[in-house]
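In what follows, a structure is listed as structure tokens, so that the remarks can point back to it.
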Amino acid sequence: MHRGLFITFEGADGCGKTTQIRLLDEYLRAKGKTTILTREPGAKGLGVKLREILLNYEGEVSPNCESFLFLADRAQHVDCIIKPALKEGKIVLCDRHTDSTAAYQGYGRGINLDEIKKLNEIAVSGLKPDLTIVFDIDIETSLSRVGNEKDRMESAGVEFFNRVRNGYLEIAKQEPDRVKIINASDTIDNIHKKVVELVEKL
Ligand code: TYD
21 MHRGLFITFE
31 GADGCGKTTQ
41 IRLLDEYLRA
51 KGKTTILTRE
61 PGAKGLGVKL
71 REILLNYEGE
81 VSPNCESFLF
91 LADRAQHVDC
101 IIKPALKEGK
111 IVLCDRHTDS
121 TAAYQGYGRG
131 INLDEIKKLN
141 EIAVSGLKPD
151 LTIVFDIDIE
161 TSLSRVGNEK
171 DRMESAGVEF
181 FNRVRNGYLE
191 IAKQEPDRVK
201 IINASDTIDN
211 IHKKVVELVE
221 KL
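So in the numbering used here the end of the sequence shown lands on 222, straight run, no missing numbers.
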């Protein structure tokens, strides 16, 4: 059992979650809470090297290899950063976590979802977010926000991202207590208010 709070932010590329996670971090700090703002892939150290491969490697990367690299990054992140912070009672705000692998490698790339679930369980060894917020937005809008300089994942195409988006909606349906959806086409301020409402309930 951990004493802190673990909140994950999810959604397709360009959904605005990184802006929102920063705003929530500022809000919580202003209220005197101790937070850490972190991300997957590539929070620190070894993770940064894995992120570089995952986002920028130019040769072929098989879907299985891609999954294991994201999972390797996750295992390191959970063991070395997230769990120690939770033990100290901190609020951990994490930009992407297990649901990204289900949405991108499972629904997106087509890897068996039960296998991903098992592998995720191994990577996190018992850890589960207290709250996951999915920022939902139509893919054309989100990809236009990403712009022309796309990394390896962002170059996967509109059909791939529609599968990712539908994957997130499916995950939220399956775990309605943990996973909450926010319409990410609203204004930054309104979205922030909705995020705060969800977090205050915790
Ligand atoms: P990043 O630049 O952090 O994107 P964003 O700002 O949208 O979070 O890149 C992370 C990319 O990696 C993003 O395209 C989603 C993808 N990803 C997966 O495919 N599987 C995963 O398990 C994780 C954590 C990320």
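No residue lacks a Cβ here, since even glycine has one placed at the ideal position from N, Cα and C.
Go through its chain and collect everything with a Cβ distance to residue i's Cβ below 7 Å, but skip five positions before and after it.
| i | result |
| --- | --- |
| L70 | P61, G62, L89, A92, D93 |
| G34 | S162, L163, R165, V166 |
| I159 | A32, V178, F181, N182, R185 |
| R5 | For residue 5 there is no data in the structure shown, the boundaries of the chain being 21 and 222. |
| T38 | D115 |
| K53 | I111 |
Buried or exposed: residue i, going by 16 or more other Cβ atoms within 10 Å of its Cβ?
| i | result |
| --- | --- |
| S120 | buried |
| A192 | buried |
| P196 | exposed |
| E234 | Absent from the model: residue 234. The displayed extent of the chain is 21 to 222, so no value can be given. |
| E264 | Missing from the structure shown is residue 264; the chain here goes from 21 to 222 and no further. |
| V68 | exposed |
| I153 | buried |
| Y124 | buried |
| L222 | exposed |
| N84 | exposed |
| N140 | buried |
| V219 | buried |
| G130 | exposed |
| G79 | exposed |
| G223 | Lying outside 21 to 222, the shown extent of the chain, residue 223 is not represented and no answer is given. |
Excluding the 5 residues preceding and the 5 following residue i in the sequence, name in chain order all residues of the same chain whose CB lies nearer than 6 Å to its CB.
| i | result |
| --- | --- |
| V144 | V98 |
| G128 | F180, R183, V184 |
| L74 | P61, L89 |
| P149 | F26, T28 |
Closer than 8 Å by C-beta to residue i: which residues in its own chain qualify, once you throw out the five before and the five after it? Chain order, please.
| i | result |
| --- | --- |
| N132 | G126 |
| K137 | A122 |
| S205 | I157, D158, T161 |
| V215 | Q40, L43, L44, I153, I202 |
Just confirm the distance between the C-beta atoms of residue i and residue j, as a whole number of angstroms; I'd bet it's less than 8 Å.
| i | j | result |
| --- | --- | --- |
| L106 | I27 | Rounded, the Cβ-Cβ distance is 11 Å, inconsistent with contact. |
| I111 | L25 | 5 Å |
| N241 | R198 | This structure cannot speak to residue 241, because the chain is shown only from 21 to 222. |
| L57 | I41 | 6 Å |
| I202 | I208 | In fact, because the Cβ distance is near 12 Å, the residues do not count as touching under 8 Å. |
| K64 | I101 | 7 Å |
So does residue i have its beta carbon nearer than 7 Å to some heavy atom of the ligand HEM?
| i | result |
| --- | --- |
| Y124 | For the ligand HEM, the structure offers nothing, since it holds only the ligand TYD. |
Quick check for students: name the residue ranges of the alpha helix (DSSP H) that lie wholly in the segment 78-129, counting only runs of 4 or more. For the segment 78-129, whole alpha helix (DSSP H) runs of length 4 or above, ordered along the chain, are 83-97, 103-107.
Where in the segment 127-180 do unbroken runs of the alpha helix (DSSP H), each at least 4 residues long, occur, reported from the N-terminal end onward? Fully enclosed alpha helix (DSSP H) runs of 4 or longer: 133-144, 159-166.
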